[in-house]
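Below, the structure written as structure tokens:
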């Protein structure tokens with residue numbers, strides 16, 4: 001005999017619902033200046049980050065991740081938004097220019113598309129990883145990202161890679177980051193992985209707060 005649906009407890013009903021997604025969009029610079037060790041560490045760090053996100057799955061929520069790469073003449077969706085537990089990283093190769101404005105436009109369109117990010121989703125998180133100044137118009141696309149819809153409410157993290165960043169590159173990263181959140185700086189190649197651990201900790205902390213779990217201490221993620 002089947003159970004009477006009217007007798008189902010609220011807790012049982014919640015357990016039947018799929019976990020709410022927390023969308024994380026990584027905007028990854030794969031321009032020519034990222035060649036060599038930088039792009040190799042980026043590839044390795046993405047795999048580690050996905051694994052850490054997948055470990056946070058719970059009945060109440062699940063971290064989903066997408067990657068928008070920008071290099072050459074345009075940005076493209078390198079990996080669509082999927083649960084981190086299902087993500088398999090396909091390595092990227094560095095080359096070309098730095099079309100950040102195109103990446104910001106693409107990311108905004110993805111966030112505002114209900115078929116990509118459902119209405120039930122938690123507030124998105126955006127992570128910008130770059131070592132150079134954009135080669136296209138980025139200010140208008142960033143203004144659009146920050147001024148409307150769900151994208152405007154997103155938590156934004158910025159990571160600057162390399163010690164040769166120009167003042168313009170620093171300005172871009174600072175403008176992108178959520179006010180009050182410092183730009184993460186990886187001036188040497190061996191600091192990139194450490195910075196990615198901090199990004200992982202920030203996103204994980206946000207996720208645990210919205211799902212009612214205890215947030216991690218960032219200093220605990222600062223181990224080698």
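Numbering (UniProt numbering), first residue to last: 1 to 224. Beta carbons are placed, not taken as given, at the ideal position from N, Cα and C, and that holds for glycine. Just so you know, these numbers come straight off a predicted model, no measurement behind them.
For the alpha helix (DSSP H) that contains residue 49, what are its first and last residues?
37-54
Please confirm whether residue 167 and residue 136 have their CB atoms less than 8 angstroms apart.
At the C-beta level, residue 167 and residue 136 stay beyond 8 angstroms of one another.
Please identify the residue among 20, 173, 106 and 189 whose C-alpha is closest to the C-alpha of residue 183.
173
What is the DSSP secondary structure of residue 62, reduced to helix, strand or coil?
strand
So the candidates are 121, 50 and 153; which of them puts its Cα closest to the Cα of residue 85?
50
Quick one: complete alpha helix (DSSP H) runs, 4+ long, within the region 163-216?
List check, alpha helix (DSSP H) in window: 167-176 and 192-210.
Give the DSSP bridge partners of residue 21, in chain order.
62
Taking only runs that begin and end inside the region 106-156, name each unbroken alpha helix (DSSP H) of 4 or more residues, in chain order.
Correct list: 139-147.
Suppose contacts are defined by Cβ-Cβ distances below 8 angstroms. Is residue 24 in contact with residue 125 by that definition?
yes
Only counting the same chain, and skipping five residues up and downstream in sequence, which positions put a Cβ closer than 6 angstroms to that of residue 104?
141, 142 and 145
Under 7 angstroms: does the beta carbon of residue 59 sit that close to some heavy atom of the ligand SAH?
What this structure holds is no ligand at all, so the ligand SAH is not there to describe.
According to DSSP, simplified to helix, strand and coil, what is residue 29?
strand
How long is the line joining the alpha carbons of residue 37 and residue 17, rounded to whole angstroms?
43 angstroms
Express the C-alpha separation of residue 92 and residue 206 in angstroms, rounding to a whole number.
When rounded, the separation of the alpha-carbon atoms in residue 206 and residue 92 is 28 angstroms.
Do residue 265 and residue 132 have their C-beta atoms closer together than 8 angstroms?
Here the chain covers residues 1 to 224 and nothing more, so residue 265 does not appear.
From residue 81 to residue 21, what distance separates their C-alpha atoms?
10 angstroms
Starting from residue 80, follow the beta strand (DSSP E) in both directions and report where the run begins and ends.
Segment 74-83, the beta strand (DSSP E) holding residue 80.
Exposed or buried, residue 62, counting other C-beta atoms within 10 Å across all chains shown (16 or more means buried)?
Buried, by the Cβ-count rule.
Return the residue from the list 66, 130, 162 and 123 that minimises the CA-CA distance to residue 97.
130
Would you report the Cα separation of residue 212 and residue 95, rounded to the nearest angstrom?
42 angstroms
Excluding the 5 residues flanking residue 54 on each side, which residues of the same chain have their C-beta closer than 6 angstroms to its C-beta?
The answer, listed in chain order, is 84 and 85.
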